[in-house]
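Inspection log for the structure reproduced underneath, given as structure tokens.
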Amino acid sequence: MITLTRKKANESNGQSKRISIRDKLLVKEVQEMEENLPSTVKTSFPDSNNLSEFYLTVQPNEGLWKDGRFKFLITINEDYNMMPPKVKCLTKILHPNISAAGDVCLSLLRLNSIDGMGWMPTRRLKDVIFGINSLFTDLCDFDDPLNIELSEEYAANSEKVKQRIREHVLQNAMR
Amino acid sequence: MSEDNDKTSYDSDSSKPDKMFTLKKWNSVAMWSWDVECEICAICRVQVMDACLRCQAESKKDIQSKDGACVVVWGECNHSFHHCCMSLWVKQNNRCPLCQQEWSIQRLSS
Chain A
1 MITLTRKKAN ESNGQSKRIS IRDKLLVKEV QEMEENLPST VKTSFPDSNN
51 LSEFYLTVQP NEGLWKDGRF KFLITINEDY NMMPPKVKCL TKILHPNISA
101 AGDVCLSLLR LNSIDGMGWM PTRRLKDVIF GINSLFTDLC DFDDPLNIEL
151 SEEYAANSEK VKQRIREHVL QNAMR
Chain B
1 MSEDNDKTSY DSDSSKPDKM FTLKKWNSVA MWSWDVECEI CAICRVQVMD
51 ACLRCQAESK KDIQSKDGAC VVVWGECNHS FHHCCMSLWV KQNNRCPLCQ
101 QEWSIQRLSS
């Protein structure tokens with residue numbers, strides 16, 4: 001009885017209302033995302049009651065990172081969908097657009113992007129998933145790097161960098 | 001035209017049967033919908049003619065006590081959204097989320 005009254009008191013504080021906007025959007029978006037997953041990615045929810053934090057595993061089937069297994073943590077804060085989700089790469093990776101700390105450079109994850117490709121509330125989780133998946137193929141961009149060192153090396157000797165990436169995948173990110 | 005042909009053929013036979021039915025009334029039906037670019041608010045994904053997700057989450061009493069209902073806003077680009085949703089977004093970025101044009105209000109629903 002005591003807990004029930006306390007629960008009701010908390011609900012009337014109005015704190016639960018603001019959370020529910022994000023959660024209402026997520027119920028639809030997570031389902032849509034699951035139905036449209038590319039064949040190279042998998043999702044997993046550590047807490048099935050919480051849709052706002054989950055892991056994404058990408059296993060590219062082509063390109064420089066082919067046969068690797070890269071895990072990302074996706075966190076959706078309460079200010080979603082006015083703000084983009086937060087994405088962190090948890091696997092060690094050599095990639096021009098992913099830093100050593102795991103920060104991901106993807107224009108749709110940026111709020112103020114110059115090219116008009118930035119975050120918009122019309123974007124959905126499935127767009128984020130497609131974006132991250134494409135970082136290993138089409139969206140990989142050595143000319144707009146987060147890992148500047150790697151990009152400079154690539155400009156000097158691209159074959160050498162490609163080989164280094166392949167070796168790094170074999171050592172750190174095999175399935 | 002075919003009726004005339006039938007008549008003549010039946011006249012010659014002089015065994016014309018009674019009509020099965022006659023058309024007494026013809027009703028045409030028109031369909032209509034709101035003349036808006038997108039009927040679903042692309043921000044909260046609720047129909048623009050309904051209250052937005054945020055207003056729905058608040059109790060109806062609250063909405064009435066505030067400055068009226070959840071209205072629709074049209075931009076110069078002809079895209080429409082809930083006014084509530086759009087005013088939150090323009091604080092971040094003053095562009096239409098659908099066409100990226102600079103956002104300026106064309107009109108509001110009353």
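As they're listed, the protein sequences go chains A and B. Residue 1 is where the first sequence starts when you use the UniProt record's numbering, and the numbers rise one by one after that. Residue 1 is where the second sequence starts when you use the UniProt record's numbering, and the numbers rise one by one after that. Where a beta carbon is used, it is the ideal one built from N, C-alpha and C, also for glycine.
Go through the UniProt domain "UBC core" (21 to 174) of chain A residue by residue and report every complete run of the beta strand (DSSP E) that reaches 3 residues or more, in order. 41 to 44, 53 to 58, 70 to 75, 86 to 89
What does DSSP give as the partner residues of S80(B) in its beta bridges? The partner list for S80(B) (beta bridge, DSSP) reads W74(B).
Just verifying my parser: in three-state terms, what is the DSSP assignment at Q92(B)? Residue state, collapsed to three classes: helix.
In whole angstroms, what is the alpha-carbon distance linking K86(A) and C44(B)? Roughly 20 Å separates the two Cα atoms.
Determine whether the Cβ of Q92(B) lies closer than 7 Å to any Cβ atom of chain A. yes
Interface partners of I43(B) on chain A, CB under 8 Å: N81, P121, T122
DSSP three-state call for R54(B): helix, strand or coil? In the structure shown, R54(B) sits in a helix (DSSP, three-state: H, G or I).
Output the boundary residues of the beta strand (DSSP E) element that contains L23(B). First-last for L23(B): undefined, no H or E at that position.
Terminal residues of the beta strand (DSSP E) in which Q106(B) lies: 105 to 108
Would you call the CB atoms of V71(B) and I105(B) closer than 7 Å? no
Residues that I40(B) bridges to, as DSSP identifies them: Q47(B)
Quick check on G63(A) - is its C-beta less than 7 Å from some C-beta in chain B? no
What does a CB cutoff of less than 7 Å around L56(A) pick up in its chain, not counting 5 residues either side in sequence? V41, T43, F72, I74, I129, I132
Determine the burial state of P60(A): buried for a count of at least 16 other Cβ atoms within 10 Å of its Cβ, exposed for fewer. buried
Give a yes or no on whether 7 Å exceeds the smallest Cβ distance from K160(A) to chain B. no
7 Å Cβ cutoff met for Y154(A) and F136(A): no
Run down chain A in chain order and give the residues with a C-beta less than 7 Å from the C-beta of W89(B). Listed by position along chain A, the residues whose Cβ is nearer than 7 Å to that of W89(B) are M82, P121.
Compute the Euclidean distance between the alpha carbons of E159(A) and D138(A), then round it to the nearest angstrom. 18 Å
Pair within 7 Å by beta-carbon distance, K88(A) and G102(A): Result yes, Cβ atoms of K88(A) and G102(A) sit closer than 7 Å.
For V58(A) and F70(A), believed in contact at Cβ under 8 Å, the rounded distance: 5 Å
Taking all protein chains shown into account, decide if E35(A) is buried (16 or more other Cβ within 10 angstroms of its Cβ) or exposed. exposed
Would you report the Cα separation of R164(A) and E149(A), rounded to the nearest angstrom? If I take the Cα positions, the gap works out to 13 Å.
Less than 8 Å between C-beta atoms, sequence neighbours within five positions excluded: which residues of the same chain meet that for S151(A)? P96, F142, D143, P145
Please state if the CB of E78(A) and the CB of R22(A) are separated by a distance shorter than 7 Å. yes
Tell me the rounded alpha-carbon separation between I93(A) and E53(A). For the pair I93(A) and E53(A), the Cα-to-Cα distance works out to about 22 Å.
With A57(B) and S48(A) assumed to form a contact (beta carbons below 8 Å), what rounded beta-carbon distance in angstroms separates them? With 8 Å as the limit, A57(B) and S48(A) do not qualify as a contact, their Cβ atoms being about 23 Å apart.
Here's a check: name, in chain order, each residue in its chain whose Cβ is nearer than 8 Å to the Cβ of M83(A), leaving out the five neighbours to either side. N77, L111, W119
Starting from the beta carbon of G116(A), find every residue of chain B whose beta carbon is closer than 9 Å, and list them in chain order. R95, Q100
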